[in-house]
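First residue of the sequence shown: 11, per my numbering; consecutive thereafter.
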Amino acid sequence: MATAQKESEQNDCHAGFQSAFKSFATVAIHVGQEPEQWKSMAVVPPISLSTTFKQYGPGKHAGFEYSRSGNPTRNCLEKAVAALDGGKYCLALASGLAATMTITHMLKSGDGIVCMDDVYGGTNRYFQRIATELGLKVDFADCTQPEKLKAALKPNTKLVWIETPTNPTMKVVDIRACSDLVHEHNKDIVVVVDNTFMSAYFQRPLALGADICMYSATKYMNGHSDVVMGLVSVSRDDLYERLKFLQNALGAVPSPFDCYLCNRGLKTLHLRMEQHFKGGLAAAKFLEADPRVERVIFPGLPSHPQHDVMKKQCTGCPGMITFYIKGQLEHASAFLSNLKLFSIAESLGGYESLAEHPAIMTHASVPEKEREVLGISDTLIRLSVGLENVEDVIKDLDQALNAAVILYRLVNQCV
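Here it is in structure tokens:
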């Protein structure tokens, strides 16, 4: 009876979405982990901490020379992620921003970038304050509207950067439509999709026409809030060769220990994402029905403006929710300060529930006027719903909303 109920709940969550990727769990557990690659036949890949590797003779090595250039533990992770993304290759970097930097270094001064207007604050900061100083021309466009993306493309455009769903306002971009549009304009433009919010379990950008799929693996891909890492997956040989060179030449590589932890996190990715979806959907439905909340933005709800796009290109939704609380900044602050199960913290995608105030925290580096245009207001709150029992998550949201309402009434009485 319990099993039937669980299957029914899962089917309800996934109704209308794409079918799950075949053998995802099996691939995550076995690809790149083959015991035969080790003399010890270890079933779990060991952590190879050595920075250098003995050669049979000058220039005659057994596949590894120096750990920045290649490491056995990192290889295991990269092979697994490439398979999960449906790609040929993957490269692990020291952080999500290290991945962004490495990708951007494929360009030269004078080249143009078109970036989704609503993106992670660190991405916005890098493009506006670092890439421009290197001579790159950066334009921002709302890629949910193809005509705006098309208008932003220029003769010097070499890279299009898409984030979907976006951080923090959860806009959903049609990856296939944008990739086709860009490649019809110029087949040499590289389309990058930041897949951080979705993980490889819910979305495969490479299968939808993108040239590069990248992650801050710090989030869902690792899933335990104990690793800072970036991942870049590709299928094109030319892109891989260039990015592999840059990985080594720039040197922004992760430690073998972090690679081991992220590789381990992949083994439960399918289980974690299903629970994130279940918890996120339940919390979003609760918030949407609550009169203390102005508006909820969750791609898994029919009320989301790009809900149909989400169902067309994804197998499910992560546990990310953005909502506007009724009131002003002090009410948002009261809500956040009174949370007990949720921690007020930046980042997302871990097993624990987190809450944050984008305008003050993750997107503080985005100029205020730009935040206003994007809808990143003082009453906007972002939630990362973790793996706790759903009823406990909702109970915590309810009591924190009550605290904000009490403040709201007190303020109105004073007025």
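Ideal Cβ placement from N, Cα and C applies to all residues, glycine included.
Distance, residue j Cα to residue i Cα
| i | j | result |
| --- | --- | --- |
| residue 11 | residue 375 | Low local confidence applies: a pLDDT of 44 at residue 11 is under 50, so the model's placement there is unreliable, with the coordinate-based value given in what follows. When rounded, the distance between both Cα atoms is 51 Å. |
| residue 282 | residue 328 | 10 Å |
| residue 404 | residue 296 | 7 Å |
| residue 318 | residue 97 | 26 Å |
| residue 102 | residue 301 | 45 Å |
| residue 214 | residue 67 | 43 Å |
| residue 316 | residue 39 | 33 Å |
| residue 131 | residue 65 | 44 Å |
| residue 90 | residue 415 | 47 Å |
| residue 125 | residue 172 | 6 Å |
| residue 211 | residue 193 | 26 Å |
| residue 121 | residue 113 | 13 Å |
| residue 499 | residue 152 | Beyond the ends of the chain as shown, which are 11 and 425, falls residue 499; an answer cannot be given. |
| residue 146 | residue 140 | 9 Å |
| residue 92 | residue 280 | 16 Å |
| residue 204 | residue 420 | 43 Å |
| residue 174 | residue 216 | 13 Å |
| residue 220 | residue 107 | 19 Å |
| residue 417 | residue 185 | 43 Å |
| residue 264 | residue 109 | 11 Å |
| residue 354 | residue 41 | 36 Å |
| residue 224 | residue 238 | 14 Å |
| residue 243 | residue 86 | 14 Å |
| residue 198 | residue 349 | 48 Å |
| residue 386 | residue 69 | 55 Å |
| residue 339 | residue 378 | 15 Å |
| residue 236 | residue 165 | 42 Å |
| residue 314 | residue 321 | 11 Å |
| residue 298 | residue 369 | 22 Å |
| residue 115 | residue 382 | 31 Å |
| residue 48 | residue 74 | 14 Å |
Bridge partner(s) assigned by DSSP for residue i
| i | result |
| --- | --- |
| residue 224 | 204 and 242 |
| residue 103 | 240 |
| residue 305 | 334 |
| residue 39 | None; residue 39 has no bridge partner. |
| residue 274 | Answer is none; residue 274 lacks a bridge partner. |
| residue 361 | None, per the DSSP bridge assignment. |
| residue 149 | 124 |
| residue 87 | Answer is none; residue 87 lacks a bridge partner. |
| residue 427 | In the structure displayed, the chain extends from 11 to 425; residue 427 sits before or after that span and is not available. |
| residue 416 | Its beta-bridge partners do not exist; DSSP assigns none. |
| residue 157 | Residue 157 is not bridged to any residue. |
| residue 170 | 124 and 201 |
| residue 391 | 333 |
| residue 62 | 76 |
| residue 354 | 365 |
DSSP three-state assignment for residue i, whether helix, strand or coil
| i | result |
| --- | --- |
| residue 298 | helix |
| residue 135 | helix |
| residue 125 | strand |
| residue 67 | strand |
| residue 343 | helix |
| residue 142 | helix |
| residue 250 | helix |
| residue 366 | strand |
| residue 28 | coil |
| residue 164 | coil |
| residue 289 | helix |
| residue 110 | helix |
| residue 404 | helix |
| residue 11 | Confidence at residue 11 is low in this model, with a pLDDT of 44, below 50, so its placement is unreliable and the value that follows should be read with caution. DSSP places residue 11 in coil when its eight states are reduced to three. |
| residue 234 | coil |
| residue 324 | coil |
Cβ neighbours of residue i in the same chain (closer than 6 Å, five flanking residues each side left out)
| i | result |
| --- | --- |
| residue 412 | none |
| residue 181 | 128 and 154 |
| residue 134 | 376 |
| residue 232 | 272 and 275 |
| residue 229 | 206, 358 and 359 |
| residue 62 | 76 |
Cut-off 7 Å between Cβ atoms - residues of its own chain near residue i, not counting five sequence neighbours on either side
| i | result |
| --- | --- |
| residue 351 | 363, 398, 402, 403 and 406 |
| residue 156 | 187, 188 and 191 |
| residue 395 | 286, 289, 290, 293, 329, 331, 363 and 403 |
| residue 58 | 81, 82, 83 and 266 |
| residue 142 | 148 |
Close beta carbons around residue i, own chain, < 8 Å, minus the five adjacent residues each side
| i | result |
| --- | --- |
| residue 37 | 90, 93 and 94 |
| residue 335 | 302, 303, 304, 341, 342, 345, 389, 391, 411 and 414 |
| residue 325 | 24, 27, 28, 29, 30, 31, 211, 212 and 213 |
| residue 278 | 233 |
| residue 361 | 233, 234, 235, 282, 396 and 397 |
May I have a chain-ordered list of the alpha helix (DSSP H) segments no shorter than 4 residues that lie completely inside the region 190-216? 209-212
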